[in-house]
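Structure first, then comments.
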Amino acid sequence: MQLEQFLEKLPENYSVLDIAQIKKAYQIAQKAHEGQSLASGLPYISHCVAVATILAEMTVPPELIITALLHDAVEDTNITLEDIRKEFNQEVATLVDGVTKLTHLPNLLRGDQYKDIPVKEKGQTPHRKVREDEIAETLRKTFLAMSDDIRVVLVKLADRLHNMRTLSYLDEDIQKRIAQETLDIFAPLANRLGIWQIKWELEDLAFRYVSPKEYKSIAEKLANRRADRENQIQEIIDRLHKELEAEGIKAKISGRPKHIYSIYQKMVQKEKPFEMLMDLRGVRLIVEDVAACYKALGVVHMKWRPIPGEFDDYIAAKKDNNYQSLHTAVIFDDGKPLEVQIRTQDMHESAEYGIAAHWRYKEDQSNIKESYQQKISWLRSLFAWQQEEENADDLVDSWNSDVFKDRVYVLTPQGDIIDLPAGSTPIDFAYHVHTEIGHRCRGAKINGKLVSLDYELKTGDQVEVLTAKRGGPSRDWLNTTLGLVHTSRARSKIKQWFKKQDRDLNLSQGKAILEKEFKRLGLKSVNFDEILPELNVKTLDDLYVAIGCGDIGSGRVINKLAEIEEEELEPELEFELVEAPSTIVPSDAVKVMGLKGIATTMAKCCNPMPGDEIIGYITRGRGATIHRADCPNILRVTEKERLVEVSWGQPGKTFTVPIQIKAYDRQGLMGDISNVIADESINLIDMSLKMNQHLAVIKIVLGVQGISQLSRVLTKLENLPNVFEAKRQRPG
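Using my numbering, the first residue of the sequence shown is number -7, and each one after it goes up by one.
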C-alpha cells in the first residue's frame, strides 16, 4: 500500500499536525525496514501499514497509529527507543516499548518471523497440563503489561490479526502452532477487552488452520444456504421496521452474521450436526436510548412468542468486559427461532471495539480523563486491591496471587459461600469477611476442628474464625516465609493497621525532616494553612506523619509553598539590557516544503529554535511565520490550508529563548546565575525579577545557538543551590 492510499484510510478528524507526524513515522519505518520482507515476498513496511490500518478503522488517536507503524522497529532494526522519543515524544516511545515487551513474553510466537520458530517432530504434542501452565503464565504477564498502558495490547491484537490474515504463506506445522496460540491467548484476550470485531475474525482465521476439515464443512454449508438466509433476514428486517415504527420507535436493524467458529462451538456444546441447529438467524436493533431498548423488547415479545430461558438483560447487569445489550430469542412467523439483540449506538460501539471504544479519537478531548476512569472501571477487577497497595512490588504480587490463580470456595458457619484465591489461609478468610475480624483473629476451626493459621483452605471447608476481644495483627503475619497470609487484601489491611500504630513515630520524624529542610533554605515563619488542602491532609500533624512514613516528600511541600508564595510576589523589577536581535532569520535557516530561500519569520509567541518541532503559517505578503508545533496559536488556527510543512535548514547565529528560574533567595544567587550564562558565552538579552520574603522568580531572555546549548544552561542553572526550577517558558 502506497503512503497516499494509507493516509486516505485515516480518520477525517486528524489534524494537519497529526498527519505530518504519521507521515514522518511511515518514512522512518520504511527506511528502517528497508531490505526486509515478509514470507509473502512483500516489503516488511506493508505489515506495519496493515497493522496501522486495522487500528485506524477503530478511529484510535494518532499516537497509536504512529506506534503501529513503528511497533517492530526497535525489535528488528537499528532504531532505538531514544530515537523514537526524540523524533516524536515520550508517550510514543513508551507505547513502542510496551509492544516490544509483549513480543518478548514467554511461549509467544511472532507471526512475522519464521526462520527462528522451532518446529516439533510430527506427533510430538506438549502435555496438556504443561500447555495450560504455559498459557496461564503468558496471560498473567500479558495482563501485567496491560497495567502500564492497555493501549499496547490494542496494537498487539492488530499485529496478530494481520499475522493471521497472512498465515497461508507459512509451513503447515507453524500455521497450526500460531493458530492454536491465537485461540488460546489472543482471541480470549480480545474477548476479555470486549473487542468483538477482532475476536470473531481471530477465531475464524485460527479455526481454519487448527481444524481445516470442520472449517471447510461449515463454510460450504453456510455458502450453500447464503441466498436463502439473506432473503429470510431481509423479510424479518422489513417486518420489524413496520412493527417498531407503529410504536414510534426509530431503529437501525441489520442481520447479525454467524461466525464459523461460534457455530462449531454450538455444534459441540449441543451435540448436534449443522443441519439440526435452529438458531443460525439473528438480527440486531440499534435504538436511541436505554428506554427505547426496553420498549423495543416489549414490541418483539408482544408480536412473537419468546423462547423460555433465552432472555438475558446485559444492560441492567453488564458483562465483565463492559458489554451491554438485551438478548432474546423468539419463534418467528415461519415457526423457526430468531435471535434478537437490542442496544444503543454507544453500547454497539463498545461491543464492537471494546476497550478501544474508550480511546476513539474525538476533537473534543476535554472529558477524556473522566470518561476513561469511568468506562474502564471493569478492568480494575483484574487488579484487585491495587488502590490499597503501597508500592509496585506489592501490586505485582497482588495481581499474580489474586487474579490469575485458581479459586477455592469455602463456607461461613451460616452457610454463605466465600470465593478466595487458592492457597488462602484462615487469616485471609477473616479479612475477607471483615477487617476487624481479621485484626482480632487468633485461631480457626475447619469443619469443627482446630487448625493452625497457616492451614491452606480447600473447596468445601467450613471456616469458623476464633477472635480476641481486642488487639491487632502480628507482624509475623507479613513474613512470607511463614505462609500465614496469601491475599493482597489481607496484607494491605495488616500494613494499614501498623501504619496507624506508628503514627507518633512518623510524626516526630516528619517534623524533623521538614524543619531541617526549612533551615537549609533559610525559611522562617511559614504559613501552612494554605498548603494543607493542596496536599490532601487536614492538619499539620497529618502532614508530618505523611512525611515521616514517606507518603509525601519534603520537596513536594517546598514546591507547593513556592506556588502559593509566587502569587504574593512584589511588582516586577525591569532591567535595562541590550536590544533584542531581529526575529527575521537568514533565508536558509528554515526550509518551507523542502525549499530554501523563502522568506521566514520566527513567531514571537513561542520562539522556536533548532531542535524544536516546527510548522509554518503562510502570511499575507510576509512569507511564512515559523511556530513551534505545540504553539497554542497554531492549535487554534481555523484556516488549516495556510499551514505548511517546514524543517530546519542552516541555522542563524542565535535564537532568542525565554527562561524562568524559581529559587529561594540567598546572598550571591544573581551572581551565580550570571556566571553560568557567562561561562557559556551566551548573550543576556532581557531580565526581570519578582521577590518576596523567601521566593525569587527570575525571568531572562537568552540568545542561544541551539537546543543542546539551551539544555546545558538549564541543567547548570537548576544545579545551583536553592534553585528548584529552571525551565524554558512554553507558549501560551
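Where is the CB? At the ideal position from N, CA and C, for every residue including glycine. It should be emphasised that the depicted structure is a prediction, and the values quoted were computed from it without experimental measurement.
> To which residues of the same chain is A21 closer than 7 Å at the C-beta, ignoring the five residues directly before and after it?
Replying inline: Taken in chain order, the residues that qualify are I37, C40, L61, L62 and A65.
>> For the ligand FMN, I want to know if H154 counts as a neighbour, meaning its beta carbon is within less than 7 Å of at least one of the ligand's heavy atoms.
In response: Inclusion of the ligand FMN in the displayed structure is not the case, the ligand content being empty and no account of it being possible.
>> Whole angstroms are fine: how far does the CA of I550 sit from the CA of A421?
In response: One detail in the question is off: residue 421 reads as Phe in this sequence, not Ala. Approximately 44 Å between the Cα atoms of the pair.
>> To test your reading of the DSSP string, which unbroken alpha helix (DSSP H) runs of 4 or more residues are found completely within the segment 645 to 673?
In response: Listed in chain order, they are 661 to 671.
> Can you tell me whether DSSP reads T707 as helix, strand or coil?
Replying inline: Of the three classes helix, strand and coil, the one that applies to T707 here is helix, per DSSP.
> CA-CA distance, Y106 and D163?
Replying inline: Low confidence applies to Y106: its pLDDT is 38, below 50, so where it sits in the model is not reliable, and the reading given next is rough at best. Our two residues, Y106 and D163, have alpha carbons roughly 9 Å apart in a direct line.
> Which word fits Q701, buried or exposed, when buried means at least 16 other C-beta atoms lie within 10 angstroms of its C-beta?
Replying inline: By the neighbour-count rule (16 or more Cβ atoms within 10 Å), Q701 is buried.
> Alpha carbon to alpha carbon, how far is H233 from D326?
Replying inline: For H233 and D326, the distance between alpha carbons rounds to 18 Å.
>> On the criterion of 16 or more Cβ atoms from any shown chain inside 10 Å, does K205 qualify as buried, or is it exposed?
In response: Around the C-beta of K205, fewer than 16 other C-beta atoms lie within 10 Å, and the residue is accordingly described as exposed.
> Below 8 Å, can you find three or more Cβ-Cβ pairs linking the segment 41 to 56 to the segment 153 to 163?
Replying inline: Touching, yes, given that three or more Cβ pairs across the two stretches are closer than 8 Å.
>> By DSSP's criteria, S38 is part of a beta bridge. Which residues make up the other side?
In response: In the DSSP assignment, S38 is bridged to no other residue.
>> Let me make sure I understand the geometry here. Which of V457, L687, R704 and E637 has the alpha-carbon closest to that of V668?
In response: The shortest C-alpha separation from V668 is found at R704.
> If you draw a straight line from the C-alpha of K719 to the C-alpha of Q652, how long is it?
Replying inline: Whole-angstrom Cα-Cα distance: 6 Å.
>> The alpha helix (DSSP H) that contains Q172, what's its start and end?
In response: Counted as a single uninterrupted DSSP element, the alpha helix (DSSP H) harbouring Q172 occupies residues E164 to E173.
>> Could you tell me the alpha carbon to alpha carbon distance between L553 and G464, rounded to whole angstroms?
In response: Straight across, the Cα-Cα distance linking L553 with G464 is about 38 Å.
> In whole angstroms, what separates the C-alpha of N711 from that of Q501?
Replying inline: Between N711 and Q501, the alpha-carbon positions lie close to 27 Å from each other.
> Does DSSP put R620 in a helix, in a strand, or in coil?
Replying inline: In the structure shown, the three-state DSSP call for R620 is strand.
>> Just verifying my parser: in three-state terms, what is the DSSP assignment at N675?
In response: The DSSP-derived three-state label of N675 is strand.
> Taking the C-alpha atoms as reference points, what is the distance between R77 and P54?
Replying inline: R77 and P54: Cα-Cα distance of roughly 15 Å.
>> Taking the straight line between their C-alpha atoms, what separation do you get for P600 and L(-5)?
In response: One C-alpha to the other measures close to 29 Å.
>> Cutting at 6 Å between CB atoms, please list the residues of its own chain near S639, excluding the five before and the five after it.
In response: By the criterion of a C-beta distance shorter than 6 Å, S639 is surrounded in its chain by K583, once the five residues flanking it on both sides are discounted.
> Hey, G545 and K485 are a contact pair by Cβ (cut 8 Å); roughly how many whole angstroms apart?
Replying inline: With 8 Å as the limit, G545 and K485 do not qualify as a contact, their Cβ atoms being about 25 Å apart.
> Roughly how many angstroms separate the alpha carbons of K708 and I674, rounded to a whole number?
Replying inline: The straight-line gap separating the alpha-carbon atoms of K708 and I674 is approximately 13 Å.
> Who are the near neighbours of T646 in its chain, counting only those whose CB is closer than 7 Å to its CB and skipping five residues on each side?
Replying inline: Correct list, in chain order: P573, N675, G695, V696 and Q697.
> Of the choices I228, E227, H686 and A238, whose alpha-carbon is the least far from that of N519?
Replying inline: Restricting attention to I228, E227, H686 and A238, the CA atom closest to the CA of N519 is found in H686.
>> With H, G and I counted as helix, E and B as strand and the rest as coil, what does DSSP make of E235?
In response: In the structure shown, E235 sits in a helix (DSSP, three-state: H, G or I).
> So does the segment 402 to 411 actually touch the segment 467 to 474, counting three or more Cβ pairs closer than 8 Å?
Replying inline: No: the two stretches stay apart, fewer than three of their Cβ pairs being nearer than 8 Å.
> In angstroms, rounded to a whole number, what distance separates the CA positions of L181 and E49?
Replying inline: Between the C-alpha atoms of L181 and E49 there is a straight-line separation of about 19 Å.
> Could you give the residue range of the beta strand (DSSP E) that holds V332?
Replying inline: Looking at the DSSP string, the run of the beta strand (DSSP E) that includes V332 is P329 to T336.
> At a cut of 8 Å, does the segment 229 to 243 reach the segment 275 to 284 through at least three beta carbon pairs?
Replying inline: Proximity of the segment 229 to 243 to the segment 275 to 284 meets the contact definition, three or more beta-carbon pairs being nearer than 8 Å.
>> If you follow the beta strand (DSSP E) that W469 is in, where does it begin and where does it stop?
In response: Neither: W469 is in no beta strand (DSSP E) and is coded neither H nor E.
> When DSSP labels each residue in this structure, what does A309 get in the three-state scheme?
Replying inline: Collapsing the DSSP output to three states places A309 in coil.
> Could you give the C-beta distance for A436 and V457, rounded to a whole number, given that I count them as a contact under 8 Å?
Replying inline: A436 to V457, Cβ: 6 Å. Contact.
>> To the nearest angstrom, how far is the alpha carbon of P329 from that of A179?
In response: Whole-angstrom Cα-Cα distance: 28 Å.
>> By DSSP's criteria, L458 is part of a beta bridge. Which residues make up the other side?
In response: Paired residue(s): G435.
>> Tell me the rounded alpha-carbon separation between P3 and L47.
In response: Distance between the alpha carbons of P3 and L47 is about 10 Å.
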